[in-house]
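Peer 1: Per numbering that gives the first Met the number 0, residue 0 is the first one in the sequence shown, and the count goes up by one each step. Structure incoming, see below.
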Amino acid sequence: MVWDFVLSLFHSLLAAFQTLTSWLTGSFLFNNKMAPAPNPAPVTFILPDLEKTFNSLPDDGLNPHHDVACAESREWFAKYNKKVLGAQMQEFFRRCKFELITSYTYPYVDKEGLRATMDWHNILWFFDEVTDTETGKDAHKSAIITIRTLREPDFDDGSSLCRMVRDFRLSHLSRAGPECTRRFLEHCDVAFHAGAVEAELREKGEVLSIEGYLKLRRETSGARTCFDMAEYLMDIDLPQDMYDDPVFQKGYIAALDLIFLANDLYSYNMEQAKGHNGANVLTVVMKETKLNLQSAADYVGVLCEKLIKQFQEAKSTLENRLAKEKNPAKAAALKDAIRSLVGYGHWVRGNVEWSFETERYFGKKNKEIKKSRVVTLTPTNSVNRALKA
């Protein structure tokens, strides 16, 4: 609390000093055109303390099968990405440690299950980076390729994306139950097409309302498919009526939102440096509420606190219902619903842990920023990550 107060006070004083300096400099330049222009102070903001917010969630550390599964998944991914990604982009993927996120978010699965999650995440991140460079029209084509490959056993357009997804389907999807598989495919369809919608909005320079953005972001994050993976790797095939249960859905949506809100907070600097900050909750909040960057970050931090409470209340309500349930089938469904929420909780907390281990968001300063939570903005449009670089 003291450290948060000191940081907040420091930034308030810094902002006041910058305003005073700007006014004094402007007055001097009006009277003396030869005066040199001052170097602007770097823009910074303080991240909400999500580690503290999420400390009630399970923390089982790193999956013990990480090293073996990671080596296998990287070798598998390299077979496909070398045809699309240049040397610099391949190195960027390695430094991002995309495989590591699954070892934090699925700490309970066996080696084969962990390998499946790593392969899937490499596909998700690959799709994300590819469509970041595409027009809305081309992004829709990439979405169609991915969905057809998942659904049609004989589809093969010869692309690296298609063959990678096909390999994943043949190697891993057979382990899931029918309900879980159906939802996974439906969620993939929505997620990949939502990614194309995001590309269209980026082309137009359009920023959505808070409500519209949250609705779209729940799909573009791909987190629904990650929840489906959690279910099937825990040998859960949740009945649709239990999945649609209003209380379960409150917990589900809370976990879903917590994942992408954390990602948006941590990725804001990287995205604005690429000129892609229109698809970020901080930009959306600033536009709609007229708040500054720091206040927008604080706004999202408070929202996360409300959502973690919503998540825990939903889980507790289901536990109370289970304690009173006499019907064996309904009790089994409730038990699986609670286990699913626990799995989603691993995702929420593990996502934050990974965000400060990877260099994707904060580069070499990831450990420093984890401690201070102070992010210094990189100049806008100063980063251009071409796939072939």
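The beta-carbon is built from N, C-alpha and C at its ideal position, and this holds for glycine as well. Computed from a predicted model, the values in this text were never measured in an experiment.
Below 8 Å on the Cβ atoms is my guess for cysteine 95 versus threonine 357; work out the distance and round it to an integer in Å.
Peer 2: 5 Å
Peer 1: Inspect the CB distances between the stretch 154-164 and the stretch 254-268 and report whether three or more fall short of 8 Å.
Peer 2: no
Peer 1: Short check: CB of leucine 376 to CB of alanine 272, under 9 Å?
Peer 2: In this structure, leucine 376 lies near alanine 272, with their beta-carbon atoms less than 9 Å apart.
Peer 1: Measuring straight from C-alpha to C-alpha, what distance separates aspartate 240 and methionine 117?
Peer 2: So the alpha carbons of these two residues sit roughly 30 Å apart.
Peer 1: Return the residue from the list Val83, Met228, Ala193 and Glu199 that minimises the CA-CA distance to lysine 214.
Peer 2: Of the candidates Val83, Met228, Ala193 and Glu199, the residue whose Cα lies closest to the Cα of lysine 214 is Ala193.
Peer 1: Under the three-state reduction of DSSP, which class applies to threonine 375: helix, strand or coil?
Peer 2: strand
Peer 1: For a test of your reading of the model: does the CB of glycine 250 fall under 8 Å from any non-hydrogen atom of the ligand MN? Yes or no.
Peer 2: What this structure holds is no ligand at all, so the ligand MN is not there to describe.
Peer 1: Closer than 6 Å by C-beta to asparagine 209: which residues in its own chain qualify, once you throw out the five before and the five after it? Chain order, please.
Peer 2: Here residue 209 is isoleucine; the residue named in the question, asparagine, does not match the sequence. These residues qualify, in order along the chain: Val283 and Glu287.
Peer 1: Under 6 Å Cβ to Cβ from asparagine 30, same chain only, skipping five residues before and after it: list those, please.
Peer 2: Because the pLDDT of asparagine 30 is 39, which lies under 50, any placement of that residue in the model is unreliable, and the question is left without a value.
Peer 1: In terms of DSSP beta bridges, what is threonine 116 paired with?
Peer 2: Beta-bridge pairing links threonine 116 to no other residue.
Peer 1: Between Pro327, Ser339, Met88 and Asn268, which lies nearest to phenylalanine 44 when the distance is taken from Cα to Cα?
Peer 2: Asn268
Peer 1: Kindly identify the DSSP beta-bridge partner or partners of isoleucine 45.
Peer 2: Val373
Peer 1: Nearest-angstrom Cα distance between aspartate 227 and isoleucine 143?
Peer 2: Answer to the nearest angstrom: the Cα atoms are 20 Å apart.
Peer 1: If you drop the 5 nearest sequence neighbours on each side, which residues of the same chain put their C-beta closer than 7 Å to that of serine 102?
Peer 2: Leu61, Asn62, His65 and Leu113
Peer 1: For my contact list, proline 106 and aspartate 59 are in at a C-beta cut-off of 8 Å; report their separation, rounded to the angstrom.
Peer 2: 4 Å
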